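Undergrad:
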Amino acid sequence: MRNYGFRPITADDLPLLSNWLNLAHVRAWWGDADRQLALIKQDMNNDQIDMRLVELVGRPFAYIHDHDVHAFQMPHFADLPPGTRAVDTFVGDVAYQGQGHAAGYIDARLRDLRLSYPMAAVAPSTTDTRTIAIYAQAGFRKRRLASTRDGKLVQVMTHL
Numbered sequence: 128m129r130n131y132g133f134r135p136i137t138a139d140d141l142p143l144l145s146n147w148l149n150l151a152h153v154r155a156w157w158g159d160a161d162r163q164l165a166l167i168k169q170d171m172n173n174d175q176i177d178m179r180l181v182e183l184v185g186r187p188f189a190y191i192h193d194h195d196v197h198a199f200q201m202p203h204f205a206d207l208p209p210g211t212r213a214v215d216t217f218v219g220d221v222a223y224q225g226q227g228h229a230a231g232y233i234d235a236r237l238r239d240l241r242l243s244y245p246m247a248a249v250a251p252s253t254t255d256t257r258t259i260a261i262y263a264q265a266g267f268r269k270r271r272l273a274s275t276r277d278g279k280l281v282q283v284m285t286h287l
């Protein structure tokens, strides 16, 4: 098992996050980079969201955040128990893709989260089969299909 580090993001990380958000493989699922960066900036001081860079041997290569599933009234998470954490992530540095890092660091982060929270949940697009497979490797199980507020179909998955 690799020794992944998770450090809170700071304003100094915004240029790196901007670069990653502008990469085609991130933009394909996260959408407009400027909008996403604005949301990250807005939420940096929000105690309800824990935003971190993932590092390996001190080198950041991915972004991960989590928050209470009921904090933002997301209908696809409405049936989940209180205290459940919603997780979202991406590998920014392409040099770390295809080597098992995503499943590895997600699993490591979930082990930490599960010490304090009863469940974690993700909701990748149903068409993002690669991400669904990565979440399954990290211990998530398919729960159901659901629609988001904007009508997108997602695969709700939970980690018990």
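Each number in our numbering comes from the position in the sequence shown (counting from 1) with 127 added on. Think of the CB as a built atom: it goes at the ideal place given N, C-alpha and C, for glycine as much as any other residue. All values reported here derive from a predicted model rather than from experimental measurement.
Taking its Cβ as the centre, do 16 or more other Cβ atoms sit within 10 Å of Val134, making it buried, or is it exposed?
TA: Here the question's residue 134 lines up with position 7 in the sequence shown. Checking the displayed sequence, the identity of residue 134 turns out to be Arg instead of Val. Exposed.
Undergrad: Tell me whether the region 205 to 216 and the region 246 to 265 touch, counting them as touching only if at least three CB pairs, one residue from each stretch, are closer than 8 Å.
TA: yes
Undergrad: Cutting at 7 Å between CB atoms, please list the residues of its own chain near Phe267, excluding the five before and the five after it.
TA: In the sequence shown, counting from the first residue as 1, residue 267 sits at position 140. Counting only Cβ-Cβ distances below 7 Å, and skipping sequence neighbours, we find Val249, Met284, Thr285 and His286.
Undergrad: Measuring only the C-alpha atoms, how far is Ile261 from Thr275?
TA: Position 134 of the sequence shown, counted from the first residue, corresponds to residue 261. Position 148 of the sequence shown, counted from the first residue, corresponds to residue 275. Roughly 21 Å between the two C-alpha positions.
Undergrad: Considering Val196, what are the terminal residues of the beta strand (DSSP E) in which it resides?
TA: Looking up residue 196 in the sequence shown gives position 69. Run containing Val196: none; DSSP gives neither H nor E here.
Undergrad: If we call anything under 7 Å between Cβ atoms a contact, is Leu180 one with Ile136?
TA: On the sequence shown, residue 180 is found 53 positions in, with the first residue counted as 1. On the sequence shown, residue 136 is found 9 positions in, with the first residue counted as 1. Cβ atoms of Leu180 and Ile136: closer than 7 Å.
Undergrad: I'd like the list of long-range same chain contacts for Ala265, defined as Cβ closer than 7 Å, with 5 residues on each side in sequence excluded.
TA: Counting from 1 along the sequence shown, the entry for residue 265 is found at position 138. The answer, listed in chain order, is Ala230, Ile233, Asp234 and Leu237.
Undergrad: For Phe199, does the count of other Cβ atoms within 10 angstroms reach 16, so buried, or fall short, so exposed?
TA: Against the sequence shown, residue 199 aligns to sequence position 72. Answer is exposed; the Cβ neighbour count stays below 16.
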